[in-house]
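> The structure is given below, and queries will be raised subsequently.
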Amino acid sequence: MGDARLHVISTVTGDDTHVRHGDHMDTIESVDVVFKAQRKLSFSYGAVFFAVTLAIPAASVWWESWYAVPIWGGFTANYLFVALVYYVFLWTMAWTYSKQADRLDDRLMHMAADMVVADAARAHDEPGEGEQR
Amino acid sequence: MNTIAIILVIGLVVFTIVLSIFSRRFTRTTADFYLAGRKVGPFSNASAISGDYLSAASFLGVAGAVYASGLDGVWYAAGFAGGFMLVVLFIASPLRRFGEYTVADFAFGRFGSHRIRLITVLAVLLTSLFYMAPQMFGAGTTWQVLVGKGILGMDAYTSGVVVVGAIIAFYVAVGGMKGTTLNQIFQFWWLMFAMLMVVFFAFGNGFNYPNALADASEQPIVNTKQLTAAELTAVNPETGKTFYDDAATIMTPEEMAVVDEFIESGAEGKVPVALPSSNKLHELRDMLFTEPGHRYNAFDQFSMVLALVLGTAGLPHILNRYYTNPSGSAARRSTFWVLVFIGVFYIAAPIVGVAGIGIIRDFLADGGTLNAPTVHGLLVKPDQLMPTLGEILGGQWLMGVVSAGAFAAMFSTVGGLLIAAASAIGHDVYEKYVNPNASEAQRVVVGKISVLGFAAVAMLIGLAIPYFGLDQAYPALIAMMVTWAFSVGASAFVPMLLTGIWWKDTTERGATAGMLVGLIGSISIIFLNILQQLGTIGKDGLLGFVGSLTYPVLFTFPLGVLTIIIVSKLDGQLPKNVDRIWMRIHGTASERYEKQYGLDKVGSMFAKHE
Chain A
1 MGDARLHVIS
11 TVTGDDTHVR
21 HGDHMDTIES
31 VDVVFKAQRK
41 LSFSYGAVFF
51 AVTLAIPAAS
61 VWWESWYAVP
71 IWGGFTANYL
81 FVALVYYVFL
91 WTMAWTYSKQ
101 ADRLDDRLMH
111 MAADMVVADA
121 ARAHDEPGEG
131 EQR
Chain B
1 MNTIAIILVI
11 GLVVFTIVLS
21 IFSRRFTRTT
31 ADFYLAGRKV
41 GPFSNASAIS
51 GDYLSAASFL
61 GVAGAVYASG
71 LDGVWYAAGF
81 AGGFMLVVLF
91 IASPLRRFGE
101 YTVADFAFGR
111 FGSHRIRLIT
121 VLAVLLTSLF
131 YMAPQMFGAG
141 TTWQVLVGKG
151 ILGMDAYTSG
161 VVVVGAIIAF
171 YVAVGGMKGT
181 TLNQIFQFWW
191 LMFAMLMVVF
201 FAFGNGFNYP
211 NALADASEQP
221 IVNTKQLTAA
231 ELTAVNPETG
241 KTFYDDAATI
251 MTPEEMAVVD
261 EFIESGAEGK
271 VPVALPSSNK
281 LHELRDMLFT
291 EPGHRYNAFD
301 QFSMVLALVL
311 GTAGLPHILN
321 RYYTNPSGSA
331 ARRSTFWVLV
341 FIGVFYIAAP
351 IVGVAGIGII
361 RDFLADGGTL
371 NAPTVHGLLV
381 KPDQLMPTLG
391 EILGGQWLMG
401 VVSAGAFAAM
411 FSTVGGLLIA
421 AASAIGHDVY
431 EKYVNPNASE
441 AQRVVVGKIS
451 VLGFAAVAML
461 IGLAIPYFGL
471 DQAYPALIAM
481 MVTWAFSVGA
491 SAFVPMLLTG
501 IWWKDTTERG
511 ATAGMLVGLI
521 GSISIIFLNI
531 LQQLGTIGKD
541 GLLGFVGSLT
551 YPVLFTFPLG
561 VLTIIIVSKL
571 DGQLPKNVDR
581 IWMRIHGTAS
591 ERYEKQYGLD
601 KVGSMFAKHE
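Chains A and B, in that order, give the protein sequences.
Numbering of the first sequence is given in the numbering used here, commencing with residue 1 and proceeding in unit increments.
Numbering of the second sequence is given in the numbering used here, commencing with residue 1 and proceeding in unit increments.
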C-alpha cells in the first residue's frame with residue numbers, strides 16, 4: 001500500500017489497557033505520563049501567551065506612557081510592540097515550545113517503552129500475581 | 001484595468017488550472033483527494049496553510065485598515081498571527097496523532113456519537129459559508145475595481161463573483177487536496193512577493209518607518225466617507241450638526257467648493273468628504289495614528305483580540321490541513337513555519353498602510369491623478385490601497401503583480417474552504433451515512449460534486465450581499481465578515497477541541513451541548529448585529545445590547561466551555577473506550593513505530609498508487 005499511515009493503522013491491535021503498533025506499545029499508564037508532561041508544557045506556554053497578548057490591550061486602556069509617548073520616531077511602545085516585537089515574541093515562543101515538545105516526546109517515548117518492558121518483565125517474574133500482557 | 005495586469009491575472013489562472021490538471025494524475029483515493037496522501041512536509045504544508053489563511057482580507061484589508069485606522073488596524077495583523085500560537089500549543093500535534101480526515105471525524109472518534117459528528121458537519125458548513133461570503137464579496141468588488149465592466153451580460157460585481165467562483169470550483173474539483181495544496185503554495189509565495197515588492201519599492205522611494213509614523217501622528221486621523229446630498233445636510237439630533245459642518249472643519253475651501261457644487265446641482269449619487277475622527281477609547285484625547293481607539297472602545301479592544309486569537313483554531317479549512325502532516329511533530333514544525341511566514345507578511349502589511357499615507361498625499365499634491373476616488377489627499381476606499389500604491393510606486397507592472405496577488409489570495413482561501421466543505425459533505429455524510437460501501441472512485445466523484453455544489457451556494461451568497469444591502473450597512477464589510485467567521489469557529493469548535501483533547505472527563509452530551517451553545521449563540525448575536533445595522537431592531541433593551549456586540553466571542557467562547565464542563569459533570573457518561581481514545585490522542589507508540597520504519601519521513605505527494 002502506498003500510504004504509510006494506512007499501513008501503520010492496519011497493524012494496530014490492543015484493548016482498553018494498551019495499544020500496539022507493530023513492536024511498539026502504549027499502556028494507559030505510560031500515556032498518562034506523556035499526557036501530564038505535555039499538558040504542563042502546553043499550559044505553561046499558553047499562560048505566558050495569553051498573559052502577554054491580553055496585557056497589550058490592558059496597557060492600551062490604562063497606561064498612558066505605553067500608548068501615548070513616542071519612543072522611536074513616531075513609534076509608541078504600544079505601536080512598536082503590536083507592529084514588530086509581538087512577532088518576535090510569537091516566533092520565540094513557537095520555536096522553543098516546538099523544540100521542548102520534541103525533546104519531551106523523545107524522552108517520553110523511551111520512558112513509555114521502558115515502562116512497557118518493565119511491566120512485561122514484572123508480569124513474567126510474577127505470573128501468579130497478574131495476567132500477562 | 002491595464003494590459004499588464006490582465007496578462008498577469010490570466011497567467012495566474014492558467015498556471016492554477018495547469019497545476020490542478022497535473023495533480024489530477026495523482027488523485028486516486030479519498031486520502032489523496034482530501035489529505036494529499038498525508039505526505040505534505042512542514043515547509044510545504046506551512047506555505048499551503050499560509051496561502052489557505054491569507055485571504056483578500058489580509059492582502060487588501062490589513063494594509064487598508066492600518067491606512068484608515070492606525071494602531072487599531074495593526075491589531076488585525078497581530079491577532080491573525082497570534083491565533084496560530086493556540087494551534088501549535090494545544091491542537092496541532094494531538095489532532096494529527098488522532099489521525100482521521102476531518103474535524104467531524106475527530107468529534108465522532110473522540111465522543112463516539114453520530115449526533116456530534118452531524119452537528120460538527122453543520123458547524124463546518126456554516127463556518128465555511130461565513131468565511132466564504134467575504135471572499136466572494138471581495139471577488140466582486142476587486143473585479144469592479146480592476147476590470148470595471150461585466151461580461152456575458154452580467155454587471156461587473158456579478159462577473160467577478162461568478163468567474164472567480166467558477167475558476168476555483170474547477171481547479172479544486174479537478175486537483176483535489178494535492179492540486180489545492182500545490183496551488184496554495186504557489187499562491188502564498190506570490191502574495192508574499194507582491195507584498196514585499198510594494199514594501200521594497202516604498203523604502204526605495206525614501207520611506208522611513210519611524211519618521212512616517214511621526215508624520216502621520218502630527219494631526220488627528222481623518223475619516224473619509226461617500227455621502228448623498230441628503231445625508232450631508234441632515235442634522236444629527238445629538239450634536240445639532242450636519243456632516244457638511246463636520247467636513248468644513250477638515251476640508252480646504254477649494255475641496256468644500258466641490259461639495260457645494262454637488263449639493264447645488266441636485267445630482268444623485270454620492271460625493272466623497274473628509275470628516276473628523278473621535279477617540280473611542282480615550283475620549284478626551286485626539287485620535288492620533290499611533291494610538292489605540294479609532295475603531296475599538298475598551299470592551300472591543302479585548303473582545304477583538306480574543307476573537308482573532310481563538311478564531312484561528314476554529315477554522316475548519318485550517319484544521320483539516322493538519323491531517324496532511326506526516327506526524328504530530330511535523331504538525332508543530334509546520335505551525336512554527338506558518339508563524340514565520342505570516343509574521344513576515346503581517347509585519348509588511350502595516351508598513352504598506354503607513355507608507356500609503358505620505359506617498360499618496362504627496363503624489364496627489366504633485367498633481368498626480370488616480371483611478372481610485374480620493375478626498376483631502378486620502379483614498380475614499382482604504383481597501384484600494386494595495387493596487388493604488390503598486391501603480392504609484394512601480395507603474396503597471398507592480399500594479400499587475402498586486403492585482404494577481406489579490407486574485408491569488410481569494411483563490412487560495414476559497415480553495416481551502418471548498419475542500420473543507422467537500423470533506424464535510426462527501427466524507428462525513430456520504431461515506432458514513434448515505435453509501436458506506438461506496439468505491440474509492442464513487443467517493444472521489446461525490447467529493448467533486450460537493451465542491452461544485454458548495455461553490456454554487458457560495459456564489460449565491462456573494463450575489464445576495466449587495467441585494468440585502470449589507471455592503472452599505474458595514475463600511476469595512478470584508479474584514480467584518482471574516483471576523484464573524486472567526487467568531488463562529490471560535491465559539492463552536494474551539495471549546496469542543498480544547499476540552500476533547502485536554503480534559504478526559506468530557507462527555508458526548510457535554511461536547512454536543514457546548515458546540516450547540518457556541519454555534520447558535522454566536523450566529524444569533526451576529527444576525528442581531530446585522531439587523532441592528534440594517535435598522536430592523538433598535539439599540540434599547542437587552543436585545544439592543546446583545547445586538548450591539550460586534551464580536552460575540554468574549555461571551556460565546558466561555559459560555560461554550562462552561563456548558564461543556566457543567567453538562568459533562570452532570571452527565572458523567574464517558575465513552576466506554578475512553579482509555580483507548582486517550583491513548584490514540586496522546587500515545588506515542590504509533591510515532592515510535594513510524595520512526596523505526598522511517599514512515600515519519602515526508603514522501604512525495606506525487607507517488608502513484610499501485
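Ideal Cβ positions, reconstructed from N, Cα and C, are used throughout, including at glycine.
1) Could you work out which residues of chain B lie near R107(A), taking near to mean beta carbons separated by less than 9 Å?
2) Between R39(A) and chain B, is the shortest Cβ-Cβ distance under 8 Å, so that the two count as touching?
3) Is there a Cβ from chain A that is less than 8 Å from the Cβ of N579(B)?
4) Got a sec: which bits of the segment 20-32 of chain A sit with their beta carbon under 9 Å from any beta carbon on chain B, in order along the chain?
5) Is the Cβ of T92(A) closer than 8 Å to any Cβ of chain B?
6) I'd like to know if I90(B) contacts chain A, where contact means its C-beta is closer than 8 Å to some C-beta of that chain.
7) List the residues of chain B that D125(A) touches, going by C-beta distances under 7 Å, in chain order.
8) Can you grab the Cα-Cα spacing for the pair A59(A) / Y67(B), in whole Å?
9) Against chain A, does N211(B) count as a neighbour if the rule is that its beta carbon must be under 8 Å from one of theirs?
10) With distances taken from CA atoms, which of V414(B), G462(B) and E391(B) is nearest M399(B)?
11) Helix, strand or coil: how does DSSP classify N223(B) here?
12) Measuring CB atoms only, is the segment 281-295 of chain B touching the segment 64-79 of chain B, in the sense that at least three cross pairs come out at less than 8 Å?
13) For H18(A), count neighbouring Cβ atoms within 10 angstroms of its own Cβ and tell me buried if that reaches 16, exposed if not.
14) Output the residue ranges of the alpha helix (DSSP H) runs that lie fully inside the segment 61-121 of chain B and measure 4 residues or longer, sorted by chain position.
15) Rounded to a whole number of angstroms, what is the C-alpha to C-alpha distance between V340(B) and A169(B)?
16) Closer than 8 Å between beta carbons: that is the criterion. Which residues of the segment 202-235 of chain B meet it against chain A?
17) Tell whether a beta-carbon distance below 8 Å holds between A194(B) and G518(B).
18) Helix, strand or coil, according to DSSP, for V295(B) in the structure here?
19) Does the separation of the CB atoms of A479(B) and Y76(B) fall below 8 Å?
20) Please compile the residues from chain D whose C-beta is within a distance smaller than 9 Å of the C-beta of T141(B).
21) Give a yes or no on contact between the segment 565-580 of chain B and the segment 498-510 of chain B, applying the rule of three or more CB pairs nearer than 8 Å.
22) Can you look up M25(A) in the DSSP assignment and give me helix, strand or coil?
23) For the segment 296-307 of chain B, which residues have a beta carbon sitting closer than 7 Å to at least one beta carbon of chain A?
24) Helix, strand or coil: which one does DSSP assign to R20(A)?
25) Helix, strand or coil for W189(B)? Go by DSSP, reduced to three states.
26) Are A420(B) and S128(B) closer than 8 Å when you measure CB to CB?
27) In three-state terms, what does DSSP make of I585(B)?
28) L463(B) and T158(B) look like a contact to me (Cβ under 8 Å); what is the Cβ gap, rounded to whole Å?
29) Measuring only the C-alpha atoms, how far is V338(B) from L86(B)?
30) Quick one: what does DSSP say P237(B) is sitting in, helix, strand or coil?
31) So, is the C-beta of G130(A) closer than 8 Å to a C-beta in chain B?
32) Checking 8 Å against the spacing of the C-beta atoms, do Y244(B) and V482(B) come in under that value?
Checking against the coordinates, here is how it stands:
1) None at all; the shortest Cβ gap to chain B is about 10 Å.
2) yes
3) First, the residue type needs correcting, since residue 579(B) is Asp and not Asn in the sequence shown. Yes - at least one Cβ of chain A is within 8 Å of the one on D579(B).
4) R20, H21, G22, D23, H24, M25, D26, T27, I28, S30, V31 and D32
5) no
6) Here the sequence assigns Phe to residue 90(B), which means Ile is not the residue at that position. So yes, F90(B) belongs to the interface.
7) By Cβ distance, chain B contributes nothing, its closest Cβ being about 23 Å from D125(A), past 7 Å.
8) 23 Å
9) yes
10) E391(B)
11) strand
12) yes
13) buried
14) 63-69, 71-86, 92-98 and 103-111
15) 30 Å
16) N208, Y209, P210, N211, A212, L213, A214, D215, A216 and S217
17) no
18) The identity of residue 295(B) in the sequence shown is Arg, whereas the question assumes Val. Here R295(B) sits in coil by DSSP.
19) yes
20) Looking for chain D here will not work: the only protein chains present are A and B.
21) yes
22) strand
23) A298, Q301, F302 and V305
24) strand
25) helix
26) yes
27) helix
28) 6 Å
29) 13 Å
30) coil
31) Its pLDDT being 40, under 50, G130(A) is placed unreliably in this model, and the coordinates cannot settle the point.
32) no
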